[in-house]
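All letters in the sequence shown, in the order written, are residues 100 to 565 by the working numbering.
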Amino acid sequence: MPQLIPRRNSNAENLESPPVNVSMEIEETDGVEEEEEESSPLETFDKGLPAKHLYLGENLEELKGYGIEPDEFEEVEIPLIPERNFALVPGQVFPFSMYDPAGVSLFMGLIRDRKEFGVRFNEETEWGTMAQIYEYSVKDEDSMPSVCVKARGRRRFLIKSIRTCPNGLRYAKVLIQPEVRLQDCMLNARFSSLNKLRLPPIPKPVSRVEDEVEETSSSDVSTNDDSCDSDDKPELYHPPISTSIPRQFDYACSPFPMWVHDMYDERRLAKRVRESIPVTSYVAQNRKKFLQTSENMPMCPVELSHWVARSLPIPESDRIALLRFNSAAQRLRYELSLTAIDKFRTLGCYVCGKEIAKQGDVISMSDEGPQGVFINAGGYIHDLLTFSKLLVNMQLVGEREEMFSWFPGYAWRIGECPACTEHLGWRFDAVEPKLVPRKFFALLKNKISWSSFALNEQRETMRPHS
Numbered sequence: 100m101p102q103l104i105p106r107r108n109s110n111a112e113n114l115e116s117p118p119v120n121v122s123m124e125i126e127e128t129d130g131v132e133e134e135e136e137e138s139s140p141l142e143t144f145d146k147g148l149p150a151k152h153l154y155l156g157e158n159l160e161e162l163k164g165y166g167i168e169p170d171e172f173e174e175v176e177i178p179l180i181p182e183r184n185f186a187l188v189p190g191q192v193f194p195f196s197m198y199d200p201a202g203v204s205l206f207m208g209l210i211r212d213r214k215e216f217g218v219r220f221n222e223e224t225e226w227g228t229m230a231q232i233y234e235y236s237v238k239d240e241d242s243m244p245s246v247c248v249k250a251r252g253r254r255r256f257l258i259k260s261i262r263t264c265p266n267g268l269r270y271a272k273v274l275i276q277p278e279v280r281l282q283d284c285m286l287n288a289r290f291s292s293l294n295k296l297r298l299p300p301i302p303k304p305v306s307r308v309e310d311e312v313e314e315t316s317s318s319d320v321s322t323n324d325d326s327c328d329s330d331d332k333p334e335l336y337h338p339p340i341s342t343s344i345p346r347q348f349d350y351a352c353s354p355f356p357m358w359v360h361d362m363y364d365e366r367r368l369a370k371r372v373r374e375s376i377p378v379t380s381y382v383a384q385n386r387k388k389f390l391q392t393s394e395n396m397p398m399c400p401v402e403l404s405h406w407v408a409r410s411l412p413i414p415e416s417d418r419i420a421l422l423r424f425n426s427a428a429q430r431l432r433y434e435l436s437l438t439a440i441d442k443f444r445t446l447g448c449y450v451c452g453k454e455i456a457k458q459g460d461v462i463s464m465s466d467e468g469p470q471g472v473f474i475n476a477g478g479y480i481h482d483l484l485t486f487s488k489l490l491v492n493m494q495l496v497g498e499r500e501e502m503f504s505w506f507p508g509y510a511w512r513i514g515e516c517p518a519c520t521e522h523l524g525w526r527f528d529a530v531e532p533k534l535v536p537r538k539f540f541a542l543l544k545n546k547i548s549w550s551s552f553a554l555n556e557q558r559e560t561m562r563p564h565s
């Protein structure tokens, strides 16, 4: 598994990640795509493997059933895990390990009672996300117990107060945040005779936690975090087959033009996001390799707003700011301003600003999208974004390693920025000659940023204020 090697510009990651016993040989990687040999037959990488986190072992037990979920605006007390400079987004899966006896005892209690715990970015952050454990394993080696879990982000919360126990564990009293869903402001002015020509309603989100069934109630203003129901509450979603003619009649009696309503329409904002973000994946067919557009972007605006927050290289400060919004429309508008999709296509080193990759080269190597959260043997969390190629030749350190690989079938090497030698991520090379893609790059999202100064101005105008 990719781990950091101590060097002259060591950072926090080096302190928490044990060194690898490899030589310090430095080599420049070819950022540009190479001509690959055509072999027959080709084997496409199974994108379902990274989400299983097989490097943690095959003894993970599935945890079924859930405890009582708190209501919106309810104050509850939950345990907080130690801060790892990682902003958890609802719907995001992340592994976590605990080695100290107090932490192991805490997690065993959470597993037994099916309770949730809180995750926040650092001690200064007041906003966080509740997480639910769905797989776990317990090891007792040499009288040193440890627990490893896989959890998924659930509900957003605001921290009201924190208390520290004598054993060092922290508990926080938090306020559960709602997910506000507003109806169309022209709903009561619609002509019912035109309903058959309207666009189909927004699809309901599919929960990614296995065996989870949630009942939703209907109201004029819905505040259910997992609800993407429309006014008609259909059971199935059908592709759009109608025109926008009914909308023109509906908004004819509004004092505002239709484009003003479109600025806050969740469905139209979600469509702009899906059409503007290129995410590709490798496919092998008829002995040829090519890229195709990823189809795993959620259709539901609520899920899509969280998907963008965890998949794109958005700065952690902005990802935390997104947790403060209680509406999908607000999050989507903020994300569109952050990505500035038509203007900011290049990603650079967060330290020196060296251009590293293009947004169009983002590639999906997992069923969960182009992003992934993994841990190394030392328990340090890495939030990654995968690319098919880079704009520069990244410096490679050490030898290729297959052990603890986050992508089974690939060997990894540490990659550094050629300008400032900052650790940027890893290069993964296929072990088998018939596996495609032959190589790809996994960059740390907290080490890359949009290489444009105009983005800072847009961020300040859109960021929520206390």
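For every residue, glycine included, the Cβ atom is placed at its ideal position computed from N, Cα and C.
Values in this document were obtained by computation on a predicted structure and should not be read as measured data.
- Of all C-beta pairs linking the segment 141-156 to the segment 504-512, three or more are shorter than 8 Å, placing the two stretches in contact.
- The DSSP-derived three-state label of serine 410 is helix.
- Around the beta-carbon of methionine 493, 16 or more other beta-carbon atoms lie within 10 Å, marking it buried.
- When only Cα atoms are considered, glycine 227 and leucine 162 end up about 23 Å apart.
- Nearest to proline 354 by C-alpha distance, out of Asn294, Cys284, Ala420, Pro397, is Cys284.
- Between cysteine 247 and proline 194, the beta carbon gap of about 7 Å places them in contact (Cβ cut-off 8 Å).
- A contact is defined here as three or more CB-CB pairs under 8 Å, and the segment 427-435 meets this definition with respect to the segment 404-411.
- In its chain, beyond the 5 residues on either side, Asp349 have a beta carbon closer than 6 Å to the beta carbon of arginine 289.
- For glycine 478, the secondary structure class from DSSP, reduced to helix, strand or coil, is coil.
- When DSSP reads this structure, tyrosine 270 sits in a beta bridge with Pro178, Arg262.
- With 16 or more other Cβ atoms inside 10 Å of its own Cβ, glutamine 458 counts as buried.
- With respect to the 8 Å criterion, lysine 546 and proline 140 are not classified as neighbours on the basis of their beta carbons.
- In the structure shown, tryptophan 511 falls within a strand segment according to DSSP collapsed to helix, strand and coil.
- The Cβ atoms of phenylalanine 216 and alanine 230 sit closer than 8 Å to each other.
- Look at methionine 362 here: in three-state DSSP terms it is coil, with no helix or strand label.
- Taking 4 residues as the shortest admissible run, the segment 163-219 contains the following complete alpha helix (DSSP H) segments, listed from N- to C-terminal end: 200-212.
- Take the alpha-carbon of lysine 453 and the one of glycine 447: they are about 5 Å apart.
- For the pair arginine 366 and proline 400, the Cα-to-Cα distance works out to about 6 Å.
- Between leucine 542 and leucine 483, the C-beta spacing is below 8 Å.
- By the criterion of a C-beta distance shorter than 8 Å, valine 175 is surrounded in its chain by Pro169, Lys272, Val273, Ile275, once the five residues flanking it on both sides are discounted.
- Selection Ser245, Tyr233, Phe220 evaluated against valine 203 yields Ser245 as nearest (Cα-Cα).
- According to the DSSP secondary-structure assignment, leucine 446 is paired through a beta bridge with Ala456, Trp549.
- Counting the other CB atoms within 10 Å of its CB gives glutamine 191 a total of 16 or more, which places it among the buried residues.
- DSSP places arginine 423 outside both helix and strand once states are collapsed to three, so it counts as coil.
- Following the DSSP letters along the chain, one finds histidine 152 in no beta strand (DSSP E), marked with neither H nor E.
- If you look at tryptophan 525, you'll find it in the beta strand (DSSP E) that goes 522-529.
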